[in-house]
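Taken in order, these protein sequences are the chains called X and W.
Just so you know, we're using my numbering here: the first sequence kicks off at 72 and counts up by one.
Just so you know, we're using my numbering here: the second sequence kicks off at 168 and counts up by one.
Report on one structure; see the data block that follows.
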Amino acid sequence: MRRAEATAIVIVGGGLAGHVAAVEVRRQLPDADITLLAAEPLLPYQRPPLSKGVLFGDTGLDTITLDEAPRYEALRINYRSNTPAISIDRRAATVQAADGEKIRYERLLLATGSRYRRLPASIDSPRFHYLRTYADALRLQAELQSNRSVVVIGGGFIGLEVAAAARTRGCEVTIVEASNRVLSRGTPPIAGSAVEHLHRRHGAALHFGQNLLNVEETAKGSLSLEFTSLELETDVVVVGIGAIPNTELASDAGLAVDDGIIVDEHGLTCDEAIFAAGDATRHPDHTGELRRLESWQSATEQAVVAARNMSGLRASHAPVPWLWSDQYDANLQVVGSFDFASQYLLKGELTSPSWTLIAMDRSDIAVGGIAMNSGRDISMLRSAIRKRSTPPPALSTSSRPVRNSVETFMISSSPPRRTPQ
Amino acid sequence: MTTNASADWVSTGLRAELDEGEMVGVNVQDVPIAVYRVHGTLYATDNVCTHAYALLSDGWLDEAIVECPLHGGQFDVKSGKALGGLVTCNLRVFEVRVVEGVIEIALHQQSP
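Here is the structure:
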């Protein structure tokens, strides 16, 4: 008896989303023919430790390799490292791999991820770093030696995590940001001020409103940096100024792309045989707003959902945006969005080790939050945001209204005034 | 829940007055333990997340699922099962009984 031909599933991208999707398809379709194309030489791994544990030198490849990736053979997942996809022929339903092979698909998943944004002023030097891959992290790790000076360009989550790791390893750290504050994308000014305070308290220097104009190697091997109105000489430079979604494969194939591959809540692109998941996508959040989330949680959930739909099941994903970042002894979590925030409640003091800032819209509905070392508050807020309700009483009764401005932070961080007796 | 008579029961020192939907962390013979009450029943698991160092009792309990305060890893408190995503290692779970109003757990007798 002739066996029915197995469903051909092709997944492009060997990061978290591609891996999770491959494993989930196998779980749902025991007979599917699964090919996973990866640009990198290694098995898929966790990226969050690259800006933390790997830089400390205490987290190796065996720790960060994603569970089940070493079992690809047993799972009958045809994993092809060093084999990026070059193009998609939608009419023929084939993917052209870099090794020349054309691979036929019935369902295709694009999990192409993102790449780092480059500075116009860059230099090819072992002391000038970007961070995306395990190899990048290893190179940087070797440079972060005690008493060396490190300039981190970019005050976003990655830059701040690298700054914290470098400072913890005894480096002298300077953070230089082009905008007027840290975490300028996606968090309110008052929260940025509190995070800035965290870094100053640990001995980092910070400069704002500074663009890198020129970088040169000095005779003694250090790097000389010229910013808008600042000059620095340093041993090591790390640039973390954001990510660009890898959408070229999709746009060349005529799929809808707008700062991310556009997908619906099922992970489906405008071609019903092609799905996309992870950092490369822009997808609806819990309000229906299209967002590009660079988030571990979202990449995982979206990949599972896309994989189930590719397997003929029905699943959807419309997340409340949520991410976390570990810096020094602080666990920062951001939930929801501040786009429609018009009122803020603060629990705790912004200069203390734990606090929660709650954002509400004009109708007192919780829309976002950011917290330091207060994960429970974020869990409660996430649930309120999803239900579009007011903040839970457990939070609101222990909070007070604050204005969202840097001045608010300065008032809150000054010592309590004493009334003269 | 079946109670194993030969189990080595250890007092947690906690009164069995835990409210519905609440959890509490306690050190029992230097082992960090979390005790939960879900739909009237008491459950006990390890209190330290299997992913990174954090106490689950500082997290969030929603029905029988506890969520870690650090990175949101979730576990079923009845079985200890890691519910995927970031957490892949299960928690140990311990049998619980109440003797004269005090919560005891079978610390050295892990449930399967």
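Ideal Cβ positions, reconstructed from N, Cα and C, are used throughout, including at glycine.
I want to verify the contact list: residues of chain X whose CB lies under 9 angstroms from the CB of residue i, in sequence order.
i: W:GLU234; result: GLY446, ARG447, SER450
Taking 8 angstroms as the CB-CB cut-off, is residue i touching chain X?
i: W:THR217; result: no
i: W:LEU336; result: Within the shown structure, residues of chain W are numbered from 168 to 279, placing residue 336 of chain W beyond reach of any answer.
i: W:ASP175; result: no
Would you decide whether residue i is buried or exposed? Buried here means 16 or more other CB atoms lie within 10 Å of its CB.
i: X:ARG118; result: buried
i: W:HIS206; result: exposed
i: X:TYR116; result: buried
i: W:ASP175; result: exposed
i: X:PRO120; result: buried
i: W:SER224; result: buried
i: X:ALA265; result: buried
i: X:ALA109; result: buried
i: X:PRO316; result: buried
i: X:LEU384; result: exposed
i: X:PHE127; result: exposed
i: W:VAL266; result: exposed
i: X:TYR201; result: buried
i: X:THR468; result: exposed
i: X:SER193; result: exposed
i: X:PRO407; result: Pro is not the amino acid found at residue 407 of chain X; the sequence shown has Gly there. That one is buried.
i: X:LEU96; result: Per the sequence shown, the amino acid found at residue 96 of chain X is Val instead of Leu. By the neighbour-count rule (16 or more Cβ atoms within 10 Å), X:VAL96 is buried.
i: W:VAL269; result: exposed
i: X:ASP330; result: exposed
i: X:ASN494; result: Residue 494 of chain X lies beyond the residue range present for chain X, which begins at 72 and ends at 492; the question has no answer from this structure.
i: X:CYS242; result: buried
i: X:ASP102; result: exposed
i: X:ASN475; result: buried
i: X:ASN251; result: exposed
Given that residue i touches chain X, what residues does it touch there, using C-beta distances under 7 angstroms?
i: W:THR255; result: ASP138
Using the beta-carbon of each residue, which ones in chain W are nearer than 9 angstroms to residue i?
i: X:GLN368; result: HIS238, GLY239, GLY252, LEU253
Would you say residue i reaches chain W, if we count a Cβ-Cβ gap shorter than 8 angstroms as a contact?
i: X:TRP395; result: yes
i: X:HIS90; result: no
i: X:ARG488; result: The predicted model places X:ARG488 with a pLDDT of 44, which falls under 50 and marks its position as unreliable, so this point remains unresolved.
i: X:GLY439; result: no
Applying a beta-carbon distance threshold of less than 8 angstroms, which residues of chain X neighbour residue i?
i: W:GLY226; result: GLY446, ARG447, SER450
Measuring only from the beta carbon, is residue i closer than 7 angstroms to any heavy atom that is part of the ligand NAD?
i: X:ASN402; result: No copy of the ligand NAD appears in this structure; indeed no ligand is present at all.
Throw me the rounded Cβ distance for the residue i and residue j pair, which I believe falls under 8 angstroms.
i: W:PHE242; j: W:THR212; result: 7 angstroms
i: W:VAL177; j: W:TYR203; result: The pair is not a contact, with the Cβ atoms about 17 angstroms apart (cut-off 8 angstroms).
i: X:PRO456; j: X:VAL391; result: Reading off the sequence, residue 456 of chain X comes out as Ile, not Pro. Contact holds; Cβ gap of about 5 angstroms.
i: X:GLY446; j: W:PRO236; result: 3 angstroms
What residues in the region 392-426 of chain X bring their beta carbon closer than 9 angstroms to a beta carbon of chain W?
Interface annotation for the region 392-426 of chain X against chain W: TRP393, TRP395, ASP397, ASN402, GLN404, criterion Cβ-Cβ distance under 9 angstroms.
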